[in-house]
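1 is the number of the first residue of the sequence shown in the UniProt record's numbering; add one for each residue after it.
The structure appears right after this line, and notes come after that.
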Amino acid sequence: MTRLADRLSALASNGTPITFAAIALPCEVVAGEAEPIAASPLAPFLAEAIAHAFDHEDSKWTDSARAFPQGLAAQGSFLHLTAALQTLLASAAAARAWAKPLNTVLLADFPASVQASPLVAAARLEGAVRLAASHAVTPYRVWEALDDLPVDGPEDFLERMPRLLGVALDCWAGQESVGATVRGLLERLSAEEATDAHAWFELGCDRLRSALSCHDIEQVTQQVAQARRLFATTAAAVEARQDAEAYTAVCDALLGFASGNAGKVAEAADVLERALEQRSAWLRGTHQPPWLQPRRTAEVAWSQLLLQLRATSSLLSEPVWMEPWRALDAVLGAYRAARTVRPVGAGDDLTGLAALIEPAIEDGFLRQQSFLAALRHAAAHPTDHPEAGLDAETAVTVLAHIGARATPRAQSTQRSSSADEEDDPPGRDPHRLHRLAPTFVMALGTDQAGRVADQLDDAALAAVEGLAYTGDVARLSACDPVIVPTLDRILEQLSAFADFTGEVRHTFEALVAQTLLFLKSRSDLTSTNLFGPGKKGDRPYDYRRKPRPGQRKALEGDLQRDFHGWLQAGPLHNIVHVETVDLGMGRADVLVHFGALRYLTEIKKDDADNTRERLERRYLKQAAEYTNTNTPFGQLLVLDLTAKSTGTRRINELTWTTSHRPDGASIDRAVVVGIVAANRVTPADYSR
Numbered sequence: 001m002t003r004l005a006d007r008l009s010a011l012a013s014n015g016t017p018i019t020f021a022a023i024a025l026p027c028e029v030v031a032g033e034a035e036p037i038a039a040s041p042l043a044p045f046l047a048e049a050i051a052h053a054f055d056h057e058d059s060k061w062t063d064s065a066r067a068f069p070q071g072l073a074a075q076g077s078f079l080h081l082t083a084a085l086q087t088l089l090a091s092a093a094a095a096r097a098w099a100k101p102l103n104t105v106l107l108a109d110f111p112a113s114v115q116a117s118p119l120v121a122a123a124r125l126e127g128a129v130r131l132a133a134s135h136a137v138t139p140y141r142v143w144e145a146l147d148d149l150p151v152d153g154p155e156d157f158l159e160r161m162p163r164l165l166g167v168a169l170d171c172w173a174g175q176e177s178v179g180a181t182v183r184g185l186l187e188r189l190s191a192e193e194a195t196d197a198h199a200w201f202e203l204g205c206d207r208l209r210s211a212l213s214c215h216d217i218e219q220v221t222q223q224v225a226q227a228r229r230l231f232a233t234t235a236a237a238v239e240a241r242q243d244a245e246a247y248t249a250v251c252d253a254l255l256g257f258a259s260g261n262a263g264k265v266a267e268a269a270d271v272l273e274r275a276l277e278q279r280s281a282w283l284r285g286t287h288q289p290p291w292l293q294p295r296r297t298a299e300v301a302w303s304q305l306l307l308q309l310r311a312t313s314s315l316l317s318e319p320v321w322m323e324p325w326r327a328l329d330a331v332l333g334a335y336r337a338a339r340t341v342r343p344v345g346a347g348d349d350l351t352g353l354a355a356l357i358e359p360a361i362e363d364g365f366l367r368q369q370s371f372l373a374a375l376r377h378a379a380a381h382p383t384d385h386p387e388a389g390l391d392a393e394t395a396v397t398v399l400a401h402i403g404a405r406a407t408p409r410a411q412s413t414q415r416s417s418s419a420d421e422e423d424d425p426p427g428r429d430p431h432r433l434h435r436l437a438p439t440f441v442m443a444l445g446t447d448q449a450g451r452v453a454d455q456l457d458d459a460a461l462a463a464v465e466g467l468a469y470t471g472d473v474a475r476l477s478a479c480d481p482v483i484v485p486t487l488d489r490i491l492e493q494l495s496a497f498a499d500f501t502g503e504v505r506h507t508f509e510a511l512v513a514q515t516l517l518f519l520k521s522r523s524d525l526t527s528t529n530l531f532g533p534g535k536k537g538d539r540p541y542d543y544r545r546k547p548r549p550g551q552r553k554a555l556e557g558d559l560q561r562d563f564h565g566w567l568q569a570g571p572l573h574n575i576v577h578v579e580t581v582d583l584g585m586g587r588a589d590v591l592v593h594f595g596a597l598r599y600l601t602e603i604k605k606d607d608a609d610n611t612r613e614r615l616e617r618r619y620l621k622q623a624a625e626y627t628n629t630n631t632p633f634g635q636l637l638v639l640d641l642t643a644k645s646t647g648t649r650r651i652n653e654l655t656w657t658t659s660h661r662p663d664g665a666s667i668d669r670a671v672v673v674g675i676v677a678a679n680r681v682t683p684a685d686y687s688r
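This is the structure in structure tokens:
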């Protein structure tokens, strides 16, 4: 053995973290032996030291080991190559620095490697796809490799292709030539005994993705019906594909919405629940590739969809729910969460290339239709949207103008550049629409929104913008690179509680997800976006800002009303009943009912200390006490009024899960804690 090999073997045998400091060899030794080590069984161990050096910006050692990628060209073990690549690509810094040499090595003589070593070739292609999906390298060489992919190759190679081709479609379906090539490959694999079922599933996902981009209900139902057939065939052929059963149920539900069949939707919800429970049990403790591993955020999205289906199956007789666009919008969130990958990076590393890659779906039209459905709901139930200030008369007027001015999507999206440059109609203020209602413009398009706005005064237009904005923010992507790891962490902590199962799990995790989105939204939003622009000298009061002279300090009630309005306007508004109520001889600020289940969110303010220790010591017992007569889960939101002289913390630093057990009790009560930063100054103030 070489000196480097000896040291790596000794450290691995002792279970010692492998770093170059622990290896304790001169740089010249590492430089001379890195390439042969990369081709040996010790490659994953040296990759661990290299990733550590990149993460700690130790250029001395990364320069010494720069021959490592070239050495991987001679790596003949599937397991060792997979482990080494996983370790390197888990480091965003390493992936960024070595993306090009790695890509070159992975795709060198690729067709020949498929025949010579099929499993190693599959691992190489997977690594190259991950680099291209994360935009670390241009995807052209990967596309070329896909174009030359042999569908009559060795079975070991072909068995690993369907999911990888599915990732390629998720990322590049919009590239016409690439999409056609990948679909053709999947069609051919669907005729092979070793790969047919898994290819059917990926083709079904492609049909469902197409349905989520369709612009009329006829196209939606046609694509969904095709997807359902492919998913059902997969589920029948492979016992372990509960995900195929889940998607079959989703397709049944969508078709039930399209036909107004409440019984079909309710039956699909039952099937979906059983499939999700079986899938969770089947996957528990099994190995999943880390970059493809289903995140708990996908579970939340599925659970929220299940809750939507259960609640709305009894509401199909109401006109507002006769449109399937709202159901499609919920499916979109679940599909994106389930199909999203993290091609490079790991854990809470959100910098550089450690990004979440979600399927590319054109959902602008879907958002427009979902918004119109919400507007119709506001017209029929104006008290459900108190925060928007939208009365029924205004909503009806807006809908009438939209109906009168509606134009086909093709005409609105294919306007010529000369039409875009035409002067505005006489009397139209070119700045008013974008100043008062930018989100309304995003939902309907400039032309249609402008025509509607011409018929409304400023107050009515601002009210419509409030509803559009709240609706849009409330459906923030479940694949958000900040929310995803934070939600993963919280749900992992909640899973330690025995009662976090079944309906309790479905409902509480959906509430927690909306709470995290609320916290992020209120951390990012400006006063103008949240409250409207106001007038000079009469700016709206923002409870998150440091009070101006003469203004009062923020109160618990400010946060209470804001959070209450958020839940009422968000995707759970038709599922849950939200209220404020006195309970247990105290004020339980926001009470959320999911049928017989209820969860209390206690809201407090603190201007002395925002540390975790103080907040738990002072408020945890009260928040936990409200769980005495129902599920042992609740939330605590604290309005942080301490001075912000050095800035504010990130969302993942302002949320955590804790528990309390009263003396003599036998059950822990879990409480999810979140802090809303208030008493804030503008970022520019820190430079003054």
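All C-beta atoms, glycine included, are put in the ideal place defined by N, C-alpha and C.
ALA334 versus PHE500 - alpha carbon distance: The residue labelled residue 334 in the question sits at position 334 within the sequence shown. The residue labelled residue 500 in the question sits at position 500 within the sequence shown. For ALA334 and PHE500, the distance between alpha carbons rounds to 21 Å.
Distance, THR312 Cα to LEU254 Cα: What you label residue 254 is simply residue 254 of the sequence shown in a count that begins at 1. What you label residue 312 is simply residue 312 of the sequence shown in a count that begins at 1. Distance between the alpha carbons of LEU254 and THR312 is about 12 Å.
Under the three-state DSSP convention, the category LYS604 falls into: Counted from its first residue, the sequence shown places residue 604 at position 604. Note: LYS604 maps to strand in three-state DSSP.
PHE500, enclosing beta strand (DSSP E) - first and last residue: For this step, residue 500 is matched to residue 500 along the sequence shown. Taken as a continuous stretch (DSSP letters only), PHE500 belongs to no beta strand (DSSP E), as it is neither H nor E.
Three-way DSSP call (helix, strand, coil) for HIS506 in this model: On the sequence shown, position 506 is the one that residue 506 refers to. HIS506: helix per DSSP, three-state reduction.
GLY634 - containing beta strand (DSSP E), residue span: Sequence index remark: in the sequence shown, residue 634 carries index 634 (1-based). GLY634 -> beta strand (DSSP E) spans 633 to 640.
Where GLY184 falls, given that 16 or more other Cβ within 10 Å makes a residue buried: Locating residue 184 in the sequence shown gives position 184, where the first residue counts as 1. So GLY184 counts as exposed.
For VAL681, the nearest candidate out of SER523, THR629 and PHE594 (CA to CA): Here residue 681 refers to the residue found at position 681 when the sequence shown is read from its first residue. Selected option, being the one with the closest Cα: SER523.
Environment of GLN568 [buried if 16+ CB atoms lie within 10 Å]: The residue labelled residue 568 in the question sits at position 568 within the sequence shown. GLN568 comes out buried.
First through last residue of the beta strand (DSSP E) which encompasses ARG669: Position 669 of the sequence shown, counting from 1, holds the residue named residue 669. From DSSP, the beta strand (DSSP E) with ARG669 extends over 669 to 677.
Cross-strand partners of ILE357 (DSSP beta bridge): For the purposes of this step, residue 357 is identified with residue 357 of the sequence shown, where counting begins at 1. The partner list for ILE357 (beta bridge, DSSP) reads VAL341.
Anticipated Cβ contact below 8 Å, ALA39 with SER91, distance rounded: By one-based count along the sequence shown, residue 39 stands at place 39. By one-based count along the sequence shown, residue 91 stands at place 91. Rounded, the Cβ-Cβ distance is 21 Å, inconsistent with contact.
Rounded separation between GLU273 and GLU267 - CA only: Position 273 of the sequence shown, counted from the start, is the residue given in the question as residue 273. Position 267 of the sequence shown, counted from the start, is the residue given in the question as residue 267. About 10 Å.
Coarse secondary structure for VAL482, derived from DSSP in three states: For the purposes of this step, residue 482 is taken as residue 482 along the sequence shown, with counting starting at 1. DSSP places VAL482 in coil when its eight states are reduced to three.
Distance between VAL142 and PRO36 (C-alpha atoms, nearest Å): Numbered from 1 along the sequence shown, position 36 holds the residue referred to as residue 36. Numbered from 1 along the sequence shown, position 142 holds the residue referred to as residue 142. The straight-line gap from Cα to Cα measures roughly 27 Å.
Selected residue, minimal CA-CA separation from GLU144, among ALA116, ARG3, ALA108 and GLU616: Stepping through the sequence shown from its first residue, residue 144 is reached at position 144. Selected option, being the one with the closest Cα: ALA108.
Nearest-angstrom Cβ-Cβ length linking ALA34 and GLY71, presumed shorter than 8 Å: For this step, residue 34 is matched to residue 34 along the sequence shown. For this step, residue 71 is matched to residue 71 along the sequence shown. Indeed they touch by this definition, with Cβ atoms about 7 Å apart.
Cβ-heavy atom distance, ASN261 to the ligand SAH, below 7 Å: Among the components modelled here there is no ligand, and therefore nothing to report on the ligand SAH.
Start and end residues, alpha helix (DSSP H) containing TRP291: Along the sequence shown, read from residue 1 onward, the residue named residue 291 stands at position 291. Unbroken run through TRP291: none, as it is neither H nor E.
Where THR629 falls, given that 16 or more other Cβ within 10 Å makes a residue buried: As a working mapping, residue 629 is identified with position 629 in the sequence shown. Exposed, because fewer than 16 other Cβ atoms sit within 10 Å of the Cβ of THR629.
Alpha helix (DSSP H) runs contained entirely in the segment 183 to 260, provided each spans 4 or more residues: 196 to 211, 217 to 237 and 242 to 259
VAL512 and GLN560 closer than 8 Å at C-beta: Residue mapping note: residue 512 aligns to position 512 of the sequence shown, counting from 1. Residue mapping note: residue 560 aligns to position 560 of the sequence shown, counting from 1. No. Outside cutoff.
Span separating the alpha-carbon of residue 703 from that of THR397: The structure shown does not extend to residue 703, since the chain is modelled only from 1 through 688, so no value can be given for it.
Helix, strand or coil at ASP55 according to DSSP, with G and I counted as helix: As a first step, residue 55 must be located in the sequence shown, where it is residue number 55. The answer is helix: DSSP assigns ASP55 an H, G or I state.
Proximity to ASP454 [Cα-Cα], best of LEU433, PHE440 and ALA236: Counting from 1 along the sequence shown, the entry for residue 454 is found at position 454. Considering only alpha carbons, the answer is LEU433.
Span of the beta strand (DSSP E), counted from its first residue to its last, around HIS660: The residue you call residue 660 lines up with position 660 of the sequence shown. Where HIS660 is concerned, the enclosing beta strand (DSSP E) stretches over 655 to 660.
ASN678 versus ARG661, LEU519, SER113 and ALA232, residue with shortest Cα-Cα distance: Within the sequence shown, residue 678 is the residue found at index 678, counting from 1. The residue you asked about is not Asn; residue 678 is Ala in the sequence shown. The residue with the shortest Cα to Cα distance from ALA678 is LEU519.
Buried or exposed by the 16-neighbour rule on C-beta atoms within 10 Å, applied to TYR619: Numbered from 1 along the sequence shown, position 619 holds the residue referred to as residue 619. Counting Cβ neighbours within 10 Å, TYR619 comes out buried, since at least 16 surround it.
Beta-carbon contacts of ASN652 that lie in its chain and below 8 Å, excluding the five residues immediately before and after: Position 652 of the sequence shown, counted from the start, is the residue given in the question as residue 652. Result list for ASN652: ASP348, VAL482, PRO485, THR486 and ARG489, in chain order.
Coarse secondary structure for HIS135, derived from DSSP in three states: As a working note, residue 135 is residue 135 in the sequence shown. Coil at HIS135, not helix or strand.
Nearest candidate by alpha-carbon position, reference ARG228, set GLU218, LEU203, GLU239 and ALA240: Within the sequence shown, residue 228 is the residue found at index 228, counting from 1. Of the candidates GLU218, LEU203, GLU239 and ALA240, the one whose C-alpha sits nearest the C-alpha of ARG228 is LEU203.
Chain C within 8 Å of GLN622, Cβ atoms only: Among the chains in the structure shown there is no chain C, since it carries only a single protein chain.
Element boundaries [alpha helix (DSSP H), containing ILE37]: Along the sequence shown, one-based indexing puts residue 37 at 37. ILE37 -> alpha helix (DSSP H) spans 27 to 38.
Closest residue to LEU89 among GLN115, ARG130 and SER64 (Cα-Cα distance): One-based indexing of the sequence shown puts residue 89 at position 89. Per the Cα distances, ARG130.
Delimiting residues of the alpha helix (DSSP H) encompassing ARG66: Counting from 1 along the sequence shown, the entry for residue 66 is found at position 66. Run containing ARG66: none; DSSP gives neither H nor E here.
Buried or exposed by the 16-neighbour rule on C-beta atoms within 10 Å, applied to ILE675: Walking along the sequence shown from the start, residue 675 turns up at place 675. Its Cβ being crowded by 16 or more others within 10 Å, ILE675 is buried.
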